[in-house]
Amino acid sequence: MIELAIKTSLERLSGMAVYPLLLPDSEQNGVTFQRISDPDVENGMVRTGLIAGRFQISMYKVDDYTGLLQLDKAIWAEWKNIIHGYLEGYPVQYVQRGNILQDKTTLTSNQVQYRLIRDFILYFYEDSS
Numbered sequence: 612m613i614e615l616a617i618k619t620s621l622e623r624l625s626g627m628a629v630y631p632l633l634l635p636d637s638e639q640n641g642v643t644f645q646r647i648s649d650p651d652v653e654n655g656m657v658r659t660g661l662i663a664g665r666f667q668i669s670m671y672k673v674d675d676y677t678g679l680l681q682l683d684k685a686i687w688a689e690w691k692n693i694i695h696g697y698l699e700g701y702p703v704q705y706v707q708r709g710n711i712l713q714d715k716t717t718l719t720s721n722q723v724q725y726r727l728i729r730d731f732i733l734y735f736y737e738d739s740s
């Protein structure tokens with residue numbers, strides 16, 4: 612599954628814990644990911660076998676907005692170079708960077724939790740192993 616490759620890559624690049632879907636209530640720093648859509652890539656009336664998987668990556672850091680921006684930049688610096696290559700051993704044809712959303716929350720400790728949400732579109736064969 613490509614989700615395992617994404618998780619492994621994000622853990623390596625961020626040095627933080629990575630979770631599917633949501634950050635646990637007990638955590639304030641970390642990274643989450645989820646598959647948003649996965650349409651087939653078609654060429655006219657021919658299915659190519661490729662999936663254009665859109666994954667939403669959410670990054671959370673307390674009192675470190677600059678670190679959050681640097682993490683987003685580090686992920687893109689590595690993933691944009693994948694062209695007919697591999698993401699942690701999983702074959703990926705191409706990666707595109709998509710939408711971005713940023714916000715912040717003031718915690719009860721008066722610290723600020725910054726969040727950056729970024730979409731990435733990964734082109735891959737879903738049944739690759």
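With my numbering, the residue at position 112 of the sequence shown is 723, and numbering never jumps. Ideal Cβ positions, reconstructed from N, Cα and C, are used throughout, including at glycine. Note that the coordinates shown come from a computational prediction; the quantities given were computed from them, not determined experimentally.
message: Judging by CA-CA distance, which residue of ASP675, ASP674, LEU621 and SER720 is the nearest neighbour of THR769?
response: The structure shown does not extend to residue 769, since the chain is modelled only from 612 to 740, so the question has no answer here.
query: What are the boundary residues of the beta strand (DSSP E) that includes ALA663?
result: Along the sequence shown, read from residue 1 onward, the residue named residue 663 stands at position 52. Unbroken beta strand (DSSP E) run through ALA663: 657–673.
- prompt: Can you tell me where the beta strand (DSSP E) with LYS715 in it begins and where it stops?
  reply: As a position in the sequence shown, residue 715 is number 104, starting the count at 1. 701–717 is the span of the beta strand (DSSP E), which, as asked, contains LYS715.
task: Evaluate MET670 with the Cβ neighbour count: other Cβ atoms within 10 Å of its Cβ, from every protein chain shown; 16 or more gives buried, anything less gives exposed.
output: Numbered from 1 along the sequence shown, position 59 holds the residue referred to as residue 670. With 16 or more other Cβ atoms within 10 Å, it is buried.
query: What residue range is occupied by the uninterrupted alpha helix (DSSP H) comprising GLY626?
result: Along the sequence shown, one-based indexing puts residue 626 at 15. Taken as a continuous stretch (DSSP letters only), GLY626 belongs to no alpha helix (DSSP H), as it is neither H nor E.
query: By Cβ distance, which residues of its chain are closer than 8 Å to THR619, with the 5 residues on each side in sequence left out?
result: Taking the first residue of the sequence shown as 1, we reach residue 619 at position 8. Excluding positions up to five away in sequence, the list reads GLU699.
message: Is the separation between the beta-carbon of GLY709 and that of ARG726 shorter than 9 Å?
response: Here residue 709 refers to the residue found at position 98 when the sequence shown is read from its first residue. Here residue 726 refers to the residue found at position 115 when the sequence shown is read from its first residue. Taking 9 Å as the Cβ cut-off, GLY709 and ARG726 do not qualify as a contacting pair.
Residue environment, VAL652, which counts as buried when at least 16 other CB atoms sit within 10 Å: Counted from its first residue, the sequence shown places residue 652 at position 41. Exposed.
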